[in-house]
Amino acid sequence: MSENLNINGYICANSEIYNILKSENVSSADLKKLDKNSDNKISEDDFAEFTGEEEETTYSSNPQIASLEFQQETEEKNIEKFQRRINDLMVLKNKTRVNIAGVSEDETKNSLLSKLDSIQSEIDEYNSKIIQCLENIGNIASSIIQLKTQAANSSSGNTSNLYSPAISNASGASSLSSGQTTALNVQAGSGAELAAVDGDLSICLDRVASSLGTSRQGAADYITTLCNTVGKGYFDPKVILSQIFSESSGIQSCSTTATSDFVGLGQMSEVAVQEVNNQFGTNFTFNDMNDAAKNLEAMVYLMTYQYERYGNNLGAAITAYNVGHFSGTVNGYAQKILSRV
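Number 290 in the numbering used here belongs to position 290 of the sequence shown; there are no gaps in the numbering.
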């Protein structure tokens with residue numbers, strides 16, 4: 001970003017943002033709100049949030065349904081709020097990772113590792129809040145369906161296509177969408193055990209499926225096939241899913257910003273991608289990490305490398321995936337990952 005795009009001490013991500021903010025004579029208070037990372041920079045993501053217009057919601061004429069629709073809207077807004085906080089924490093987490101790699105003093109490194117664990121705990125807390133919101137939305141959706149069914153029965157009896165629940169656990173074909181490209185031969189049905197997960201991992205799997213553009217079963221098959229082939233059967237696919245939950249909440253675009261050094265479901269960095277290429281002779285590019293399927297494949301390659309690097313020690317491998325190396329102690333991140341499996 002150029003110093004020429006400076007407005008009252010804040011640097012804009014591009015000239016378009018600069019011109020709009022300048023022409024609208026945006027106040028210093030609003031500029032401060034846009035500075036989400038406290039680095040005097042206004043990203044494209046923050047600006048999009050600033051310019052987004054609030055849509056007026058039209059509720060049902062049925063008072064009971066209208067009340068439920070309002071509750072659902074509130075839960076959806078809470079999810080958006082919690083996700084924004086996770087995005088901010090992801091950026092802070094990634095900066096801390098970079099700082100850890102750049103220090104040599106044990107005292108400083110231990111302090112940063114402690115900070116990283118604290119950030120991860122807060123991310124997990126907000127993920128749990130999102131899961132509760134999603135469960136609430138699912139219950140509300142079921143109630144709305146029942147009320148609409150009752151209303152339809154009392155009038156015409158036609159109950160078709162009334163409402164679709166917000167959460168879908170439907171199984172389907174295991175093939176990825178045409179937009180996802182990978183040479184992997186996905187073994188249909190191999191992920192039956194993974195598809196049956198519940199709790200945090202269940203919500204995460206549904207999100208991964210959405211990111212991949214496939215069904216829940218398809219996502220489970222893909223992850224399981226990766227672990228059985230690329231991962232050589234070293235670790236349970238639930239380990240990878242648990243890592244995805246902590247890394248990105250299962251959302252490919254979760255923490256990818258204009259300034260992010262870590263991208264996608266597995267939060268892959270350019271250094272990690274190069275390490276995978278060096279170790280396995282693959283030819284991933286950092287830009288490939290914007291593709292959810294390739295991001296997952298590279299993630300499993302990286303875990304495979306760390307697992308072999310540290311003598312088939314899973315805790316060590318997960319710790320090294322998190323901070324780049326294993327110094328002899330399984331960290332809080334790895335303990336959290338394994339606690340879900």
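Note that beta-carbon positions come from the ideal geometry of N, C-alpha and C, so glycine has one too.
Discussion item. Just to check my reading of the structure: lysine 41 and tyrosine 10 have Cβ atoms closer than 8 Å, yes? What is that Cβ distance to the nearest angstrom?
Written reply: 7 Å
Worksheet item: alanine 188: buried (16+ other C-beta within 10 angstroms of its C-beta) or exposed?
Response: exposed
Discussion item. For the structure I just gave you, are there three or more beta carbon pairs, one from the stretch 117 to 125 and one from the stretch 145 to 153, closer than 8 Å?
Written reply: no
Worksheet item: Does the separation of the CB atoms of glycine 311 and alanine 334 fall below 8 Å?
Response: 8 Å or more divides the Cβ of glycine 311 from the Cβ of alanine 334.
Worksheet item: If we ignore side chains and look at the alpha-carbon of each, how far apart do leucine 89 and threonine 149 end up?
Response: 42 Å
Worksheet entry | Those residues which DSSP pairs with asparagine 6 across a bridge | Ile11
Worksheet item: How would you call valine 103, buried or exposed, if buried means at least 16 neighbouring beta carbons within 10 angstroms?
Response: Valine 103 should be labelled exposed.
Worksheet item: Does the distance from the C-beta atom of isoleucine 240 to that of isoleucine 251 stay below 8 Å?
Response: no
Discussion item. Please return the same chain residues whose Cβ sits closer than 8 Å to the Cβ of glutamate 54, not counting the five positions on each side in sequence.
Written reply: Confidence in glutamate 54 is poor, its pLDDT being 49 and thus under 50, which makes the residue's placement unreliable; the coordinate value appears in the next sentence. Contacts found: none.
Discussion item. Checking 8 Å against the spacing of the C-beta atoms, do leucine 205 and alanine 219 come in under that value?
Written reply: yes
Practice prompt. Determine which residues share a DSSP beta bridge with phenylalanine 262 and list them.
Written response: Ser269
Practice prompt. Assuming methionine 299 contacts leucine 265 (C-beta within less than 8 Å), just tell me the rounded distance between them.
Written response: 7 Å
Fill in: Proximal residues to arginine 85 (C-beta, below 7 Å), its chain only, five neighbours per side dropped
Tyr126
Fill in: Cβ distance (whole Å) where serine 28 is taken to contact asparagine 8 below 8 Å
5 Å
Practice prompt. Using the DSSP secondary-structure output, state which residues sit across from isoleucine 42 in a beta bridge.
Written response: Cys12
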